[in-house]
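To start, the structure itself, in C-alpha cells.
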Amino acid sequence: MAEQGFSVVILAAGKATRFKSEHSKMLHQLAGRPLGEYLLRTAFGAKAERVYMVIGHEGAEVRKAFARPGLTFIEQKEQLGTGHAVKAARVELARCPSPTVVVLVGDAPLHPAESLRKLVATHAKTRAVLTVLTTHLDNPHGYGRIVRARGGRVRAIVEEKVATPAQRKIREINSGILCFSREKLLAHLDEITDRNAQKEFLLTDLVDIFNRHRLKVMAFPVADAHEVLGINDRAELAQIEKLLRLRKAEALMREGVTIVDPEVTYLDEDVEVGRDTVLEPGVSLRGRTRVGSACWIQQYSTLQDAVLGDRVTVRTHSLIVNSQAGSDVVIGPFAHLRDGAVIEPTARIGNFVEVKKSRVGRGTKALHLTYLGDATLGERTNIGAGTVTCNYDGKTKNPTVVEDEVFIGSGNMLVAPVRIGKGSYTAAGSTITEDVPPESLAIARGKQVTKVGWASQSKAVAPPRATFTVREVGAVTVCEVGGRLTMGEPVELFRNTIHAQMDSGRALILVNLAKLMYIDSAGLGELAKAQMAAQKAGGRVKFCGVNDRVLPQIRAAKLDRVLEIFSDESAALASFEGRGVSLDSAPENAQ
Ligand code: UD1
Ligand code: CA
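With the numbering used here as the guide, the letters of the sequence shown map in order to residues 1033 to 1623.
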C-alpha cells in the first residue's frame, strides 16, 4: 500500500493554568529547548504534508519563537477547549490536501516521529475514521480514560473529571494524539458542544459522536508509556526533563563517555561528547555543545554552545559560552570564556581569567586573574598575572594585539587600541598606551620614590592630645604640659590651668615642657601670655624642659628671647628661691 499523506495540527493555545506562568507553556525550556519545539520536530521529522499550530495564549511570543517554512499558525482567540481549538482550524483544514489529519496536544513532547508514522499507517490499514494513540499507565490520574466496546473498538474517552469510579480504574489512557479522516473530522466537528461538566468543547467527545454515527474508532496502543507523558505543571516538567537527561546520559555512556553521576549531570539533547571523556558531577553541557574525546570536564563546569577539541581539561567551576578550545587546552579553575573566544591548541587559561571575543594562540598562557577582551594573542606568549586589556573607552570596543613570544609583565593595563610587537617585554605594573615595536622592553609606570624614615616621622606628628599635670614644690607650682598644645581646647585648658593657680594665690609657676610633642602659634602665644599675666599678678611664670620638637618653633617665633627658660627643672626651681620663697613642701610658718 502506498504511504498515505497526512498533516498535523498541534494544539498549543492553552492558558497553561496549572503552570501559573505569564508565558505560554510551549516556551518553557525542556532540556535546553522550548517545549513546543519537540512536537514540531516530531511533525516535520515524520514528513507531514502540512503542519498547523493552534496558538492563543501569548500567541505573538509563540509565533516568534517557532516560525519556520512549512508551518502555519492558526489563532484560537478564546480558549474554550481542545474541540474548540480544532474548530478554529476549520478553514485551513478544509483547504488541506491530506486525507489524514493527526491532532497532537502540544504538551506531550516525547512522541517520536517514527511512532507517528506507524499510527498513520495503522489508521489507513484499519480504515477507521479515528485512531486514538493510547497506552497503559500504572497511575492514569489526569488523563482521559479509554472505554472500549465489545470487539475492541473505542466507545468513548472519558475525562478524569467526569469519570465514574469504575472508569477511573481503567488504565488505558488517551495520549491526546488522535488520527482522523480529514473528511469525517470536518463533517462532525460542529457536533461537539460545551454542554458538559467542564463547560468546554472537548475534542475527545468526537469518539462518542462517531460511535453514534456508526463510524469506526480504533485504538493504537504503544508499549512505551514515556512516549505520551503530558506536561501539565512544573513538577511534571522537571520529571520529564530528568528523564530526557538520563536518557541522554545513557546514550553517551553507551558511546564510551564516563559520567561519574548521571543523576547530577545536565545534558541537553543535541550535545555531542567523544569517547573516554569524563564528565564529573554537576557538569552542565547545554545547547549545541560538542566535546572531543579524552577530555576531562571537572565538577560544576558549564558549557553552553561550546566546542572543545580532544584531551581538553576544563577545571572545576568554569563557564564556557559560545566559545571554542582546541586540543590539549587547559582551562580553569574558575575561568570564563564567552562571546566567541577561541583558544588554540595547547594554550592555557587559568584561575579567574575571563576571555571575551578574543583569540589566544597556541601555547600561550594567561594563568591568573586576567581579562582579555577583543584581543588577539599570538603563539607562546605569556600574560602576567592581573593583566587587563582595557578594551572599552566608554564609547567603543577597541582591539589589542599581542604578537608571538611576548612577555607581558604582571599587573599590566593594555589600553586599546594597542599592539605589542613580537618578542617584546613589558615591565610589571605597566600601563601600556602606545604600540611597542618587536624585540623591545616597555616600562610604563611611575618611578619609585623612597622616603627613608618617613613612617616613624609620620607617627611622631600625631602624638596624643594635650595633657596637663600640676604638682606643688613648696611655694612653686610645677605645671607639666604634654602632647599637642594647639589652638582651641588645648590652649584654653592651659590658660585655665595657669589662671586657676594664680586665682588660688599661687602665682609662682614653673611650666615644664619636657613632654610637649608639638606646639602651634596659638600655643606659643599662650606661653607668652601666661608669663605676662603672672607678672601683672605679682608672680612669675618660668619655663623648663624645652625639647628638640618644640625648640625650633620657639626660636622661629623669637620667644626664646622673651620667655624665661631654664635648662632643667631643678635650676628653674632654684631660681625661685630667696626673698621669702621656700621650696620645702611645707610652708615655713606651718605648724
Ligand atoms: C488532554 C485530553 C486527555 C488526554 C491528555 C493527554 C482533551 C479534552 N483531553 O487533557 O484526554 O489524556 O490531553 O495529555 O482533549 N489547548 C488549546 N486550546 C484550548 C484548550 C487546550 O490549544 O482551548 C491545547 C493546550 O495548549 C494543550 C492541549 O490542547 O497543549 C491539551 O490541553 P490540556 O488542557 O492540557 O488537556 P488535558 O487536560 O491534559
Ligand atoms: Ca495536558
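We treat Cβ as the ideally placed atom computed from N, Cα and C, and that holds for glycine.
*Output the residue ranges of the alpha helix (DSSP H) runs that lie fully inside the region 1244 to 1323 and measure 4 residues or longer, sorted by chain position.*
Counting only runs that start and end inside the region 1244 to 1323, the alpha helix (DSSP H) elements of at least 4 residues fall at 1266 to 1286.
*Since V1134 sits in a beta bridge, which residues does DSSP pair it with?*
DSSP output for V1134 lists V1040 and C1211 as bridge partner(s).
*L1269 versus I1263: straight-line alpha-carbon distance, rounded*: C-alpha separation (whole angstroms): 6 Å.
*I1629 vs Q1356 beta-carbon contact at 9 Å*: Outside the modelled stretch of the chain, which goes from 1033 to 1623, sits residue 1629, for which no answer is possible.
_Check whether the region 1501 to 1515 and the region 1471 to 1484 are in contact - that is, three or more C-beta pairs closer than 8 Å._
Under the Cβ criterion (8 Å, minimum of three pairs), the region 1501 to 1515 does not count as touching the region 1471 to 1484.
*Length-filtered (4 minimum) alpha helix (DSSP H) runs lying within the region 1516 to 1550*: Counting whole runs of 4 or more residues, the region 1516 to 1550 contains the alpha helix (DSSP H) stretches 1521 to 1535.
_For a quick check, are the C-beta atoms of I1530 and L1556 less than 9 Å apart?_
No, these two residues do not count as a Cβ contact at 9 Å.
*Under the criterion of a Cβ to heavy atom distance below 8 Å, does K1057 qualify as lining ligand 1?*
For K1057, the shortest separation between its Cβ and any heavy atom of ligand 1 lies below 8 Å.
*Take R1127 as the anchor and find which of L1548, Y1084, E1110 and E1107 has the nearest alpha-carbon.*
Cα-wise, what sits closest to R1127 is Y1084.
*Can you give the Cα-Cα distance for S1039 and T1321, rounded to whole angstroms?*
So the alpha carbons of these two residues sit roughly 33 Å apart.
_Three-state secondary structure (DSSP) of R1503_ = The three-state secondary structure of R1503, taken from DSSP, is strand.
*Report the three-state DSSP secondary structure of L1125 (helix, strand or coil).*
If DSSP states are grouped into helix, strand and coil, L1125 belongs with the helices.
*Check the C-beta distance from V1134 over to L1148 and give it rounded, since I have them as a contact under 8 Å.*
Taking a contact as a CB-CB distance under 8 Å, the pair V1134 and L1148 counts as one, their CB atoms being some 6 Å apart.
_So that I know if they touch, is there some Cβ in chain C lying closer than 9 Å to that of K1547?_
Protein chain content of the structure displayed is limited to a single chain, and chain C is not contained in it.
*Report the residue ranges of all beta strand (DSSP E) runs contained in full by the region 1143 to 1205; include only those spanning at least 3 residues, in chain order.*
Taking only runs of at least 3 residues, the beta strand (DSSP E) segments lying wholly in the region 1143 to 1205 are 1162 to 1168, 1177 to 1180 and 1186 to 1190.
*Return the Cβ separation of P979 and R1497 in integer angstroms, given the expectation that the two are a contact with Cβ distance under 8 Å.*
In this structure the chain extends from 1033 to 1623, so residue 979 is not present and cannot be described.
*Would you kindly work out how many angstroms separate the C-alpha atoms of Q1271 and S1359, rounded to a whole number?*
Computed Cα separation, rounded: 36 Å.
_Simplified DSSP assignment, three categories, for L1217_ = Helix at L1217.
*asked:* By the DSSP assignment, the alpha helix (DSSP H) with I1586 in it spans what residues?
replied: L1583 to A1588 is the extent of the alpha helix (DSSP H) around I1586.
*Contact shell at 6 Å, judged by CB to any heavy atom of ligand 2, ordered along the chain*: That query returns the following residues: V1137, D1139, G1262 and N1264.
_Where G1610 sits in the DSSP three-state scheme_ = Strand at G1610.
*What is the DSSP secondary structure of Q1563, counted as helix, strand or coil?*
Looking at Q1563 - three-state DSSP - the assignment turns out to be helix.
*Could you say which of S1442, N1423, V1578 and S1207 lies nearest to V1450 if we only look at CA atoms?*
Taking V1450 as reference, the option from S1442, N1423, V1578 and S1207 with the minimal CA-CA separation is N1423.
*Which residue's Cα is closest to the Cα of R1266: R1593, S1056 and I1381?*
It is S1056 whose Cα lies nearest to the Cα of R1266.
*asked:* I'd like the list of long-range same chain contacts for I1202, defined as Cβ closer than 6 Å, with 5 residues on each side in sequence excluded.
replied: Cβ within range, chain order: R1177.
*Any idea what DSSP makes of I1375, helix, strand or coil?*
In the structure shown, I1375 sits in a strand (DSSP, three-state: E or B).
_Quick check: the Cα distance between G1319 and E1471, rounded to an integer number of angstroms?_
The alpha-carbon atoms of G1319 and E1471 are separated by roughly 44 Å.
*Have a look at A1121 and A1045 and give me their C-alpha separation to the nearest angstrom.*
Cα to Cα, A1121 sits roughly 12 Å from A1045.
_Shorter than 8 Å, the distance from the beta carbon of G1115 to the closest heavy atom of ligand 1, or not?_
Shortest gap from the CB of G1115 to any heavy atom of ligand 1: under 8 Å.
*Taking just the CA atoms, how far does E1204 sit from H1168?*
Going by C-alpha positions, H1168 is about 4 Å away from E1204.
_Burial state of Q1623, where buried means 16 or more other Cβ atoms lie within 10 Å_ = Residue placement at Q1623 cannot be trusted, given a pLDDT of 39 that sits under 50; the coordinates are not used to answer.
*asked:* I want to check one thing, is the minimum distance from the CB of Q1271 to the heavy atoms of ligand 1 below 8 Å?
replied: In this structure, Q1271 has its beta carbon at no less than 8 Å from each heavy atom of ligand 1.
_Any heavy atom of ligand 1 inside 8 Å of the beta-carbon of A1044?_
The answer is yes for A1044.
*Since E1512 sits in a beta bridge, which residues does DSSP pair it with?*
T1501 and N1544, per the DSSP bridge assignment.
*From which residue to which residue does the beta strand (DSSP E) around G1382 run?*
Unbroken beta strand (DSSP E) run through G1382: R1380 to K1388.
*Any non-hydrogen atom of ligand 1 within 8 Å of T1408 CB*: It does not: the Cβ of T1408 is nowhere closer than 8 Å to a heavy atom of ligand 1.
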